[in-house]
């Protein structure tokens with residue numbers, strides 16, 4: 050049983066109450082606690098030594114990343130983050146300065162986004178450092194963008210560039226908070242999330258939630274320079290052993306926005322985006338279609354892109 | 050540097066914003082997000098294998114305890130819990146049924162208190178199981194009870210019995226939610242918290258926050274049967290090597306309410322409590338005095354009860 054199967058099992062019937070607007074399964078939980086015109090966004094996310102960072106990672110970047118991941122989830126709902134709690138699991142012996150530097154990185158990003166850090170705790174965690182962030186945010190009532198609204202015919206957009214995040218971006222990425230709020234304010238977004246597990250995997254969340262499929266144009270994928278560098282020459286030391294396109298489709302931790310709008314809005318949206326955010330790429334990478342799963346169009350034809358992605362794609366000689 | 054010193058250092062200057070009513074340092078953070086008549090309570094708490102439970106603990110009780118500890122913090126503010134997120138750190142191999150049973154125990158307690166479980170995540174944590182709960186609650190605007198309001202002359206009360214929690218209560222305790230709300234509704238409480246680190250240690254939080262001292266009457270301490278059993282005969286196998294009174298003062302994880310009220314309210318409060326909660330003990334254990342620290346009165350006189358508690362107390366032959 051993998052993580053997704055376990056989560057599916059655990060979240061099948063969770064306790065609910067009248068405050069719940071959207072429970073488990075979206076980027077954030079959405080709660081109605083009686084704020085006029087606003088709903089509450091509620092999210093936790095953890096980073097773990099050896100998986101999301103190493104002992105060699107500068108501690109400021111560890112703290113920054115822990116908060117940035119959570120901010121990205123608030124962005125994916127088109128919300129505004131408000132207050133965070135920090136849970137810090139530490140080995141039995143640790144350097145207090147290391148911990149202070151984790152907080153310094155976290156606090157600097159919090160200040161930048163006017164997020165209050167209102168406490169938390171430190172606890173012993175024998176296996177290594179673990180940081181869990183709990184984050185509260187606000188979103189205009191009815192303005193939250195969920196994963197489940199994609200419709201056949203929608204254009205699919207993604208911000209920034211994809212793939213190769215491990216080369217550095219996973220520690221330095223900017224949560225797309227202002228961009229998401231601007232999008233939700235000016236356009237009727239049907240579905241949105243942040244790309245954390247790789248484009249193909251996260252696109253599937255949108256497809257499953259909307260009971261639709263997608264056709265992706267490989268040449269339209271905004272492949273990052275890092276993905277290209279790591280892919281070329283294949284097999285050389287430091288190579289990702291993935292083609293650049295496969296890296297863009299399956300590498301994790303991009304933390305870009307993936308969203309769909311009606312195709313009639315696509316050109317207007319691209320034009321307005323380029324005026325508003327001239328320095329951040331926005332790419333239309335394909336369209337939502339009836340059916341299920343992902344079809345990938347490239348110069349050799351149209352191929353079904355399998356759930357696991359990697360092996361199948363390589364098997365086709367990409 | 051111990052945990053308390055580290056936390057003091059880390060929380061010296063945290064990012065804040067206009068939503069913060071009470072930041073780090075109380076049982077919960079208190080936020081004003083614009084709910085008319087209500088403030089938001091926000092808390093996280095983690096339990097870790099080997100510290101708060103073992104592999105032999107029934108998993109239902111692990112899940113129950115993880116949530117109950119957090120509920121107790123909402124109780125300590127006289128609030129009502131609303132929604133929880135669950136972060137589950139798991140070793141690289143685990144039994145899915147074990148995890149399902151953790152959730153079963155947690156969900157049952159959540160249902161009992163009408164708390165919605167709105168998601169969370171599972172993540173790999175190589176050192177063992179870690180469960181962090183993030184909890185939101187509500188409290189009437191201005192009705193939250195903080196740690197900092199104790200005044201010289203106040204009577205000091207504690208609910209239930211103290212000491213020996215490790216014998217079983219630490220897995221089965223009932224968060225005092227209804228009791229705390231009733232107290233705050235009917236009496237002017239000056240300071241309140243939940244006893245998690247031992248009576249003496251937590252009383253010191255109230256004393257430091259209020260810049261006052263306390264005089265505790267040893268004979269008034271509600272010593273639990275478990276503390277008495279473990280203390281007697283001293284030195285025998287299974288003994289805690291503490292006197293029962295010392296256990297009541299310094300054992301952790303009692304999760305009882307500790308609060309102060311003006312002395313003129315003390316008798317009325319005790320009378321009303323006994324009618325309302327006839328099955329739960331409420332004890333007046335002493336009074337707030339000018340000065341600092343804890344004075345302990347027993348049949349040998351009045352002694353200063355030192356910060357570390359244990360060694361000093363034993364040194365006095367108690």
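Chains as they are written, first to last, in my numbering: chain Z, 50 to 367; chain F, 50 to 367. In this text, a Cβ means the ideal position worked out from N, Cα and C, and glycines have one as well. If you're wondering where the values come from, they're calculated on a predicted model, not measured in any experiment.
Quiz item: Which residue from F:242, F:310 and F:95 puts its Cα closest to that of residue 112 of chain F?
Solution: Of the candidates F:242, F:310 and F:95, the residue whose Cα lies closest to the Cα of residue 112 of chain F is F:95.
Quiz prompt | Beta-carbon proximity of residue 83 of chain F to residue 136 of chain F, cut-off 7 Å | solution = Contact annotation: residue 83 of chain F and residue 136 of chain F have beta-carbon atoms that are not nearer than 7 Å.
Quiz item: For the alpha helix (DSSP H) that contains residue 119 of chain F, what are its first and last residues?
Solution: Here the alpha helix (DSSP H) through residue 119 of chain F covers 108–125.
Quiz item: What are the boundary residues of the beta strand (DSSP E) that includes residue 234 of chain Z?
Solution: Element bounds for residue 234 of chain Z: not the beta strand (DSSP E) but the alpha helix (DSSP H), 226–235.
Quiz item: Quick one: what's residue 243 of chain Z bridged to in DSSP?
Solution: Beta-bridge pairing by DSSP links residue 243 of chain Z to Z:306.
Quiz item: Can you pull the DSSP bridge partners for residue 89 of chain Z?
Solution: Residue pairing from DSSP places residue 89 of chain Z in a beta bridge opposite Z:80 and Z:187.
Quiz item: Helix, strand or coil: how does DSSP classify residue 148 of chain F here?
Solution: In the three-state DSSP reduction, residue 148 of chain F falls in the helix class (H, G or I).
Exercise. With DSSP collapsed to three states, give me the class of residue 207 of chain Z.
Key: In the three-state scheme derived from DSSP, where H, G and I count as helix and E and B as strand, residue 207 of chain Z is classed as strand.
Practice problem: May I have the straight-line CA-CA distance separating residue 139 of chain F from residue 134 of chain Z, to the nearest angstrom? | Solution: A direct Cα-Cα distance of roughly 21 Å separates residue 139 of chain F from residue 134 of chain Z.
Practice problem: Please classify residue 75 of chain F: does DSSP put it in a helix, a strand, or coil? | Solution: Residue state, collapsed to three classes: coil.
Quiz prompt | Outcome for residue 272 of chain F when other beta-carbon atoms lying within 10 angstroms are tallied against a minimum of 16 | solution = Flag for residue 272 of chain F reads buried.
Quiz item: If residue 206 of chain Z and residue 331 of chain Z are in contact, beta carbons under 8 Å, what's the gap, nearest whole angstrom?
Solution: About 6 Å; that satisfies the 8 Å criterion.
Quiz item: Under the rule that 16 or more other beta-carbon atoms within 10 Å means buried, what is residue 85 of chain Z, buried or exposed?
Solution: Its Cβ having fewer than 16 others within 10 Å, residue 85 of chain Z is exposed.
Self-check item: Reduced DSSP secondary structure (H/G/I, E/B, other) of residue 336 of chain F
Solution: Residue 336 of chain F falls in the strand class under three-state DSSP.
Quiz item: From residue 171 of chain F to residue 142 of chain F, what does the alpha carbon distance come to, in whole angstroms?
Solution: One C-alpha to the other measures close to 13 Å.
Quiz prompt | Cβ-based burial, residue 327 of chain Z [other Cβ within 10 Å; buried from 16] | solution = With fewer than 16 other beta carbons inside 10 angstroms of its own, residue 327 of chain Z counts as exposed.
Self-check item: Member of Z:343, Z:336, Z:305 and Z:347 whose CA lies at the smallest distance from the CA of residue 329 of chain Z
Solution: Nearest option by C-alpha distance: Z:305.
Self-check item: Local Cβ density within 10 Å of residue 260 of chain Z, reported as buried at 16 or more and exposed below that
Solution: Counting Cβ neighbours within 10 Å, residue 260 of chain Z comes out exposed, since fewer than 16 surround it.
Practice problem: Given a cut-off of 7 Å, decide if residue 98 of chain F and residue 191 of chain F are closer than it, judged by their beta-carbon atoms. | Solution: No, Cβ-Cβ distance for residue 191 of chain F and residue 98 of chain F is not below 7 Å.
Exercise. Can you grab the Cα-Cα spacing for the pair residue 355 of chain F / residue 195 of chain Z, in whole Å?
Key: When rounded, the distance between both Cα atoms is 55 Å.
Quiz prompt | Chain-ordered neighbours of residue 94 of chain F on chain Z, where CB pairs are closer than 7 Å | solution = Under the 7 Å cutoff, chain Z gives 170.
Quiz item: Measuring CA to CA, which of Z:280, Z:298 and Z:311 is closest to residue 291 of chain Z?
Solution: Minimum Cα-Cα distance from residue 291 of chain Z among the listed residues Z:280, Z:298 and Z:311 corresponds to Z:280.
Quiz item: Less than 7 Å separating the beta-carbons of residue 249 of chain F and residue 256 of chain F?
Solution: No; because the gap between Cβ atoms is not below 7 Å, this pair is not in contact.
Self-check item: Nearest to residue 223 of chain Z (by Cα), restricted to the options Z:253, Z:245, Z:237 and Z:204
Solution: When C-alpha distances from residue 223 of chain Z are compared across Z:253, Z:245, Z:237 and Z:204, the shortest belongs to Z:245.
Quiz item: Under three-state DSSP, which class holds residue 353 of chain F?
Solution: DSSP, reduced to helix, strand and coil, places residue 353 of chain F within a strand of the structure shown.
Exercise. Return the first residue and the last residue of the beta strand (DSSP E) that residue 200 of chain Z is part of.
Key: Element bounds for residue 200 of chain Z: n/a, residue is neither H nor E.
Quiz item: Looking at C-alpha atoms only, which residue of F:333, F:269 and F:310 is the closest neighbour of residue 347 of chain F?
Solution: Residue 347 of chain F has its Cα closest to that of F:269, out of F:333, F:269 and F:310.
Quiz item: What do you get for residue 132 of chain Z, buried or exposed, if any count of 16 or more other CB atoms within 10 angstroms of its CB means buried?
Solution: So residue 132 of chain Z ends up on the buried side.
Quiz item: Sorted by chain position, which residues of the same chain lie with C-beta nearer than 8 Å to residue 175 of chain Z's C-beta, five sequence neighbours on each side aside?
Solution: Cβ neighbours of residue 175 of chain Z beyond the five flanking positions: 140 and 141.
Practice problem: Please list the partners that residue 156 of chain Z has in chain F, where partner means a Cβ-to-Cβ separation under 7 Å. | Solution: Correct list: 63 and 64.
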